[in-house]
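Residue numbers (our numbering): 618 to 873.
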Ligand SMILES: [Mg+2]
């Protein structure tokens, strides 16, 4: 039997950038009794709390010790300390200021050249490029844009593929991954989900075969693809509804 259920977040556990729905919260909480549960996503730690942990209101401190947060594609890892009733950072591998500056310039230049720099559409105080410490993230319409606008912006990934192509010319020493609905994550090579999953195996003392991974971007170029490539068993979902369906099946078998 698998020991670990690992999950991409955006479009796998939720509608991108929104809290997980009650059904997913309930299913994940139940899974904590049987598995180590590991969300892994490009988001920052505070977004993991807002989108996942805060919604799992019924989880006990003991259950939460089986929830492992692999933040910024697993370049940061947080686990729950039941005695302190708080999260503790286990490790962090940040980018240097110089790397952040170089990536920021490349993405901004590429998006502007291609006419995809939509500064006029941003909500007040919002930003297109965000430094997430272990990665730099481009969100075409910012963090606060509505879901509908985000879905409509680049449904076939063509705009982001064009930006990525140009970025690879401008700053080839970095890797660029398409994720979510409007996002590109820039990282140093190797600091993708393989890095996160490798550290996950080390920290949780499990093997590849012990893990089942859920993701929506498992196609080549997608930010879940590195996990497929490393040979972890993967379930491709179209949305959190597919994930809920699969989790109900897994829990149903355990109850027998
Ligand atoms: Mg996703």
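Glycine included, C-beta positions come from ideal geometry on N, C-alpha and C.
No experiment lies behind these values; they were computed from the predicted model shown.
- prompt: From 689, 759 and 863, pick the residue whose C-alpha is nearest to that of residue 798; which is it?
  reply: Working through the chain shown from its first residue, we reach residue 798 at position 181. Sorting 689, 759 and 863 by C-alpha distance to the C-alpha of residue 798 places 759 at the top.
message: Any contact between the region 824–832 and the region 842–853? By contact I mean 3 or more CB pairs, one from each, below 8 Å.
response: Yes, the region 824–832 touches the region 842–853.
query: If you compare alpha carbons, which of 682, 751 and 815 is closest to residue 803?
result: Here residue 803 is taken as the residue at index 186 of the chain shown, counted from 1. Closest option to residue 803, Cα to Cα, is 751.
- request: Counting only the same chain and skipping the five closest in sequence on each side, list residues whose C-beta sits under 8 Å from that of residue 649.
  value: Within the chain shown, numbered from 1, the residue matching residue 649 stands at position 32. If the five residues before and after residue 649 are omitted, its C-beta is found closer than 8 Å to the C-beta atoms of 676, 680, 681, 683 and 684, all from its own chain and listed in chain order.
field: Reduced DSSP category for residue 774 - H, G, I as helix; E, B as strand; rest coil
entry: On the chain shown, residue 774 is found 157 positions in, with the first residue counted as 1. In the structure shown, the three-state DSSP call for residue 774 is coil.
field: Limits of the beta strand (DSSP E) - the one that residue 671 falls within
entry: Position 54 of the chain shown, counted from the start, is the residue given in the question as residue 671. Run containing residue 671: none; DSSP gives neither H nor E here.
query: Can you name the residues that DSSP bridges to residue 840?
result: Taking the first residue of the chain shown as position 1, residue 840 is located at position 223. DSSP lists no bridge partner for residue 840.
- prompt: Any contact of the region 722–739 with the region 693–705, i.e. 3+ C-beta pairs under 8 Å?
  reply: Counting Cβ pairs under 8 Å, fewer than three are found: no touch.
message: residue 814 and residue 691 - do their beta-carbons sit closer together than 8 Å?
response: The residue you call residue 691 lines up with position 74 of the chain shown. The residue you call residue 814 lines up with position 197 of the chain shown. Against a cut-off of 8 Å, the Cβ pair of residue 814 and residue 691 comes out as a contact.
message: So, with DSSP's three-state summary, where would you put residue 688?
response: In the chain shown, residue 688 corresponds to position 71, counting from 1. In the displayed model, residue 688 falls within a strand according to three-state DSSP.
4 or more residues per run - each alpha helix (DSSP H) lying fully within the region 780–857: If we require 4 residues or more, the alpha helix (DSSP H) runs fully inside the region 780–857 come out as 810–821 and 842–846.
Same chain only: Cβ atoms within 6 Å of residue 841, ignoring 5 sequence neighbours per side: Position 224 of the chain shown, counting from 1, holds the residue named residue 841. Counting only Cβ-Cβ distances below 6 Å, and skipping sequence neighbours, we find 625, 832, 834 and 835.
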